[in-house]
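Residue numbers (my numbering): 152 to 357. Positions of the beta carbon are idealized from the N, C-alpha and C atoms, including for glycine. The block underneath contains the structure these notes are about, expressed in structure tokens.
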């Protein structure tokens with residue numbers, strides 16, 4: 152018996168689906184910009200400020216803030232100030248949002264926390280939409296910026312927009328079905344980019 156053969160149209164269709172999946176998997180959902188950090192202090196300290204929430208989902212900004220806190224705390228290029236210490240300083244100084252910080256507020260907060268940099272940002276989208284094939288697809292959008300505490304200048308910005316089906320190939324393979332899992336992967340990618348920035352700056356200053 153001869154082996155079964157795919158009709159040309161079916162074969163082309165399958166190849167197209169696989170190619171589309173591979174192309175989408177190569178697409179980067181993270182866009183970044185950074186300024187050159189000419190000098191960094193030995194063992195710089197970073198305070199992660201509470202992210203702002205622009206979604207209709209409660210507590211997602213606190214969740215994203217905690218993801219950044221836990222992931223960055225494990226990195227060797229800098230020290231992350233404990234979030235309890237940061238939140239207490241914000242409360243004591245009556246700073247309610249990190250979206251717009253005046254230079255005077257930055258100076259006071261930096262002195263209170265002994266911080267060299269601040270990480271601030273916002274959550275623009277955080278949801279899971281229904282899907283006929285995957286049950287649900289998470290969609291997350293996060294932006295973040297790294298601020299020099301001395302000058303108030305933004306030395307790095309990152310904007311990440313991603314969907315759980317971006318790396319899906321066929322029949323749900325490679326898809327992410329949880330917004331929490333997706334956001335954590337996005338944040339890991341953003342933190343890796345920040346790590347590279349400090350690594351390059353450390354090499355230049357040595």
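Proximal residues to residue i (C-beta, below 6 Å), its chain only, five neighbours per side dropped
i	result
residue 165	With a pLDDT of only 34 at residue 165, under the threshold of 50, the placement of this residue in the model should not be trusted; the figure read from the coordinates follows. Counting only Cβ-Cβ distances below 6 Å, and skipping sequence neighbours, we find nothing.
residue 178	Any reading at residue 178 needs caution, since the residue's pLDDT is 49, under 50, leaving its predicted position unreliable; the model's value is listed next. So no residue of the chain qualifies.
residue 237	198
residue 279	287, 289, 330
residue 340	181
residue 267	192, 195, 196, 300
residue 308	184, 296
residue 310	182, 294
residue 277	206, 208, 211, 291, 330
Reference residue i, options the options, closest by Cα
i	options	result
residue 327	308, 289, 274	289
residue 264	336, 234, 287, 280	234
residue 273	216, 258, 182, 349	216
residue 186	257, 252, 298	298
residue 252	346, 201, 314	201
residue 294	312, 305, 306	312
residue 306	347, 333, 239	347
residue 262	209, 210, 241, 207	241
Within 8 Å, strictly: CB atoms of residue i and residue j
i	j	result
residue 204	residue 212	yes
residue 184	residue 342	no
residue 191	residue 303	no
residue 292	residue 275	yes
Limits of the alpha helix (DSSP H) - the one that residue i falls within
i	result
residue 234	234 to 243
residue 211	211 to 224
Delimiting residues of the beta strand (DSSP E) encompassing residue i
i	result
residue 181	181 to 185
residue 263	Residue 263 -> not in any beta strand (DSSP E); alpha helix (DSSP H) instead, spanning 254 to 264.
residue 199	196 to 199
residue 313	305 to 314
Whole-angstrom C-beta distance between residue j and residue i, which should lie under 8 Å
i	j	result
residue 222	residue 338	6 Å
residue 229	residue 335	So it is not a contact: roughly 20 Å between Cβ atoms.
Close beta carbons around residue i, own chain, < 7 Å, minus the five adjacent residues each side
i	result
residue 259	244
residue 231	197, 199, 220, 223, 224
residue 345	297, 307
residue 254	303
residue 315	288, 289, 326, 327, 328, 333
Cβ shell of residue i (< 8 Å), same chain only, five flanking positions each side left out
i	result
residue 257	269, 298, 300, 303
residue 350	228
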